[in-house]
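Working notes for the structure below.
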Amino acid sequence: MESYKCTQRTRNVIAYFAQKVEVYSIENEENSNHQDFHHINSIGQAIECIHNGVEVLRSCHIIENELMSASNNNISCQSLLDTGIIGFILPYAVPDADIELLESVISIIDKITFINQPLDSPLQNPVFLHNFVSIIQKSFSKIKLNALNIISNLLHDENISKNVFEVLSEINLIQILWNADLFNSSFTQKTASNFNYSIEDPIVYSSGILSDFAETYDKERVSCLIPYLSIIINNLNVENQHALKNFVSALSYILRSLDSHQIIIDAKVPKICIRLLSFNHEAAVSEIFDCFYRLEKKNNIPNLLKPKFARLCTHILETSSNPDILLHIIRFLDLFIPKHFNEIDQKLFIDVLINLTEYQKYKIKIYSSLVLVRSFNFASDEIIFYYHEKKLFDFIFSFILSYQPDDVIYILHNILSLIERNQEMKELFVLDQEFKKMLEEVLTEGEGEVTEFSQFLIQSFYTD
153 MESYKCTQRT RNVIAYFAQK VEVYSIENEE NSNHQDFHHI NSIGQAIECI HNGVEVLRSC
213 HIIENELMSA SNNNISCQSL LDTGIIGFIL PYAVPDADIE LLESVISIID KITFINQPLD
273 SPLQNPVFLH NFVSIIQKSF SKIKLNALNI ISNLLHDENI SKNVFEVLSE INLIQILWNA
333 DLFNSSFTQK TASNFNYSIE DPIVYSSGIL SDFAETYDKE RVSCLIPYLS IIINNLNVEN
393 QHALKNFVSA LSYILRSLDS HQIIIDAKVP KICIRLLSFN HEAAVSEIFD CFYRLEKKNN
453 IPNLLKPKFA RLCTHILETS SNPDILLHII RFLDLFIPKH FNEIDQKLFI DVLINLTEYQ
513 KYKIKIYSSL VLVRSFNFAS DEIIFYYHEK KLFDFIFSFI LSYQPDDVIY ILHNILSLIE
573 RNQEMKELFV LDQEFKKMLE EVLTEGEGEV TEFSQFLIQS FYTD
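Under the working numbering, the first residue of the sequence shown carries the number 153, and numbering increases by one thereafter.
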């Protein structure tokens, strides 16, 4: 393990803590051996004691209590991290350490990992991570719960997550969690209830780690998680909403591997997910539609063509106030509606998507309208006139410069296809002064291919 020296910078931060508590002043390095370690009253002295290997348990308790009571936890954690405390306490983060000391050390590390670690953090050390996994494999306790949370924090750390992930992937952490029954909701709930303090179901952490692994693996490597699909399928009825969200999120990432698709289809997962939507499990809605998107992209899922799904989908679009959920559903519909336009209740989806063009957020407005634009080539004249009646074209003409340049060209090409369809369609657009104003606006404000195409349309239909 890397050795850490008590540098002058470290002592400066220790002195900061001593001054803050106003009980004890750190003596200089020459006098440090003469301190009375039996009267540890400050976090500064506690750090000094741990560095010297004296009164370690009591010192850890003092630091732990300081972190728990700190009014500004981020500042306290960062200041504590700057002392090099991690290097001082890591030798005690081992499976065979005294239980009380191990619990205190793990609690300190747990709180410190809420902030990003330095690039050279010892927490990415393979020896430390192996020890941590060994701790998780021991009998269930608060220590195990905190250890799971630490791993979760490290997998989200901006500086060291990649290194941590590679080490944990190499030692097959997911298999270890499975062997420890930490994906069994009935086991974890029952065990958690044996404690007389408030404790969150550990399946929240284990499912979160599974989701993190699935997200971090690239498209090729994620197939190594296919053997664990049974974990996800068996937990799609888990009561904890955070765990459910994590499991469905993991599934959506694993579905990047085509080898997983038939397994999921054979297990009737789409039907299960539709049932989850009917129970209004809002926590996992975005992730469920990500799964639908990846499955539908390469397959035809019969359950998604049933009226029940159409009603559920449009109901969520009408009632949800969560922009993230709306965007995930719209992304799915951008694929689904053009693919199955003649197999669905067209007006049901059209009405809801047009209503979304009145939504406050621009992304929702624009993306909703683009879903309908993609249907132009499949839509009958009746549906095109219905779009006109519902003011879809008025919206597009008014917000044309809010679209990306490629989307503007796509819209204009699709409208040109409609104009060339028949005389009725031609008159619908060419006689519409708003359409002409839109082309002139694009010609004036646009650039490149956008202006060239709008100029072509103006010359084609409005030049004698």
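Don't be surprised by glycine CBs; every beta carbon is placed ideally from N, CA and C. All of these numbers come straight from a predicted model, not from anything done at the bench.
Check the Cα spacing between P454 and each of L568, T596 and I496: the tightest is with I496. For G196, the enclosing alpha helix (DSSP H) stretches over residues I195 to N204.
DSSP places L500 inside the alpha helix (DSSP H), whose first and last residues are Q498 to L508.
Between the beta-carbon of P422 and that of L403 there is about 11 Å, and that puts the pair past the 8 Å contact cut. Within the same chain, and ignoring the five residues on either side of Q289 in sequence, the residues whose Cβ sits closer than 7 Å to its Cβ are I328 and A332. The Cβ atoms of N566 and F528 sit closer than 8 Å to each other. When DSSP states are grouped into helix, strand and coil, Q327 belongs to the helix group. Across the set G236, E510, V560 and L580, the C-alpha of L580 shows the shortest separation from the C-alpha of E534. A Cβ-Cβ contact shorter than 8 Å links I312 with L306. Following the DSSP letters along the chain, one finds D546 inside the alpha helix (DSSP H) bounded by residues L544 to S550. DSSP places T235 outside both helix and strand once states are collapsed to three, so it counts as coil.
Three or more pairs of CB atoms, one per stretch, sit closer than 8 Å, so the region 410-430 contacts the region 366-383.
Cβ-Cβ separation between S521 and F547: approximately 6 Å, consistent with a contact (criterion under 8 Å).
The DSSP-derived three-state label of N494 is helix. If you look at I312, you'll find it isn't in any alpha helix (DSSP H); DSSP assigns it neither H nor E.
With respect to the 8 Å criterion, I561 and E601 are classified as neighbours on the basis of their beta carbons. In this structure, the straight-line span from the alpha carbon of S472 to that of L487 is close to 21 Å. Per DSSP, the unbroken alpha helix (DSSP H) holding Y562 starts and ends at P557 to I571. In the three-state scheme derived from DSSP, where H, G and I count as helix and E and B as strand, N336 is classed as coil. K397 is positioned such that its CB atom lies closer than 8 Å to that of E439.
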